[in-house]
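Asker:
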Amino acid sequence: MFARQKLLLLIWVGFLVLSLIAAAALAAPQDWQKKTFTLEQLKQFDGKNGKPAYAAVNGIVYDLSKIGPWKGGQHMKLHYAGKDLTEEFKQAPKDIHSHVLAELPKVGVLAQAKAGVKKSAPPKSAAPKPAPAQPVVKDYKVPSSYYGKLIICPVTNNSFKISPDTLAVRYKGRTYFFCCPACVEPFKANPEKYAKRVIKVQTKSAEKSPTPAPAKTKPTVKTPPATSTLKPKKG
């Protein structure tokens with residue numbers, strides 16, 4: 001009986017020791033947590049000329065070098081490595097956000113996030129004026145009469161034909177069509193930027209189009225006045 005109690009005590013002590021060792025390992029900083037990047041240092045890892053492609057999200061620096069869509073340090077010509085992409089990731093769907101970050105290797109910590117730098121609040125006497133209300137971007141259902149028309153995507157500048165799957169929005173009285181669903185959120189985040197881009201493209205196209213030649217008019221033929229062939233009667 002005593003031997004059994006001793007054995008159980010040894011098992012309990014061993015389990016307690018293992019638990020303490022595991023807790024200490026979790027509490028100890030990992031290798032990537034010891035590496036610090038400033039924003040200037042992060043710019044050097046832009047994925048160009050064979051360099052690694054790093055990007056920071058929520059204070060953690062991730063390695064994007066082996067991610068196919070980030071080849072060359074850019075993604076869809078909208079996002080670029082070597083920067084803090086925290087705000088861009090906030091615009092992505094939450095399920096994609098958590099899944100992508102969980103798969104990416106961590107290589108360091110952003111210096112500002114590690115130091116816990118806080119921005120000083122503006123003085124109470126100089127309270128900022130409320131920003132004017134921005135025009136609302138509303139989703140727009142494309143009517144079937146638009147199908148097959150050639151249009152330009154305001155985000156990618158690619159031309160495409162409108163189909164039943166095409167997404168569109170209304171902004172400032174104009175309709176904007178998108179070549180793929182991924183272009184909708186960037187437009188909604190900064191509609192003025194992409195709306196101006198479309199106007200510029202349309203202006204350039206109008207400048208390149210030749211001025212139509214004036215229509216040729218047929219020369220008018222004047223008809224001589226009719227003369228009477230009747231001779232006056234003699235009295």
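If you read the sequence shown in this note's numbering, its first letter stands for residue 1, the second for the next number, and so on. For glycine and all other residues, C-beta sits at the position ideal for the given N, C-alpha and C.
(1) Considering Cα atoms alone, identify which of Val136, Thr166, Ala182 is closest to Met76.
(2) Beta carbon of Gly108, beta carbon of Thr36: below 8 Å?
(3) Among Pro128, Tyr140, Glu192, which one has its Cα closest to the Cα of Val169?
(4) Here's the rule I'm using: 16 or more other beta-carbon atoms within 10 Å means buried, otherwise exposed. How should Ala55 be labelled?
(5) With distance defined between alpha-carbon atoms, name the residue in Gly72, Leu78, Leu42 nearest to Gly59.
(6) Between Asp84 and the rest of its own chain, which residues show a CB-CB distance below 8 Å, the 5 nearest in sequence each way excluded?
(7) Please return the same chain residues whose Cβ sits closer than 6 Å to the Cβ of Lys48, not counting the five positions on each side in sequence.
(8) Among the residues of its own chain, which have a CB less than 7 Å from the CB of Lys138, if the five just before and after it don't count?
(9) Specify the secondary structure class of Asp165 as computed by DSSP and reduced to three states.
(10) For Leu39, which three-state DSSP category applies?
(11) Could you name the residues that DSSP lists as bridge partners for Gly50?
(12) Could you give the first and the last residue of the continuous alpha helix (DSSP H) run that contains Phe187?
(13) Tell me which residue opens and which closes the beta strand (DSSP E) that Lys106 is part of.
Answerer: Reading from the atomic positions:
(1) Ala182
(2) yes
(3) Tyr140
(4) buried
(5) Leu42
(6) Leu39, Leu42, Ala55, Ala56, Val57, Leu110
(7) Gly73
(8) Val169, Arg170
(9) coil
(10) helix
(11) Partner(s): none; Gly50 has no beta bridge.
(12) 184-189
(13) 106-110
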